[in-house]
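Reading through the structure tokens given below for one structure.
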Amino acid sequence: MFAEACSRYVTRNPEILGGEPIITGTRTSVRAIVGLWRLGIMPEEILNHLPHLTLAQVFDALSFYLDHQSEINEYIERNKVPDELVHPSVKAVLGGL
Numbered sequence: 001m002f003a004e005a006c007s008r009y010v011t012r013n014p015e016i017l018g019g020e021p022i023i024t025g026t027r028t029s030v031r032a033i034v035g036l037w038r039l040g041i042m043p044e045e046i047l048n049h050l051p052h053l054t055l056a057q058v059f060d061a062l063s064f065y066l067d068h069q070s071e072i073n074e075y076i077e078r079n080k081v082p083d084e085l086v087h088p089s090v091k092a093v094l095g096g097l
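Residue numbers (UniProt numbering): 1 to 97.
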């Protein structure tokens with residue numbers, strides 16, 4: 001199976017996350033980056049959470065998301081953890097954002 005380039009830093013590989021868009025050369029999904037961004041974390045701060053990425057990769061992932069929102073939102077919904085399974089300490093942190 002071959003990877004399909006979607007943009008400069010975003011690719012799809014059927015063998016990684018079932019073909020979900022990821023950052024090229026990593027297993028980091030566009031969904032993961034968008035999830036942090038939706039929590040109000042600035043792109044520059046996302047690098048603190050995903051230090052193996054560059055700022056250009058983060059911005060490219062967000063750009064890809066803005067062009068493919070319905071698809072990425074579907075991945076987000078499909079992988080959402082039910083509220084009752086979220087640990088209370090995580091809820092406390094997220095409640096402060």
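Ideal Cβ positions, reconstructed from N, Cα and C, are used throughout, including at glycine.
Just so we're clear, the structure is a prediction, and the values are computed from it rather than from any experiment.
- With contacts defined as CB atoms closer than 8 Å, Ile23 and Gln57 qualify as a contacting pair.
- The straight-line gap separating the alpha-carbon atoms of Pro43 and Trp37 is approximately 7 Å.
- Residue pairing of Glu4 in beta bridges, as defined by DSSP: Arg12.
- Assignment of Ile46 by DSSP, reduced to helix, strand and coil, places it in the helix class.
- A direct Cα-to-Cα measurement between Asn79 and Gly18 gives close to 13 Å.
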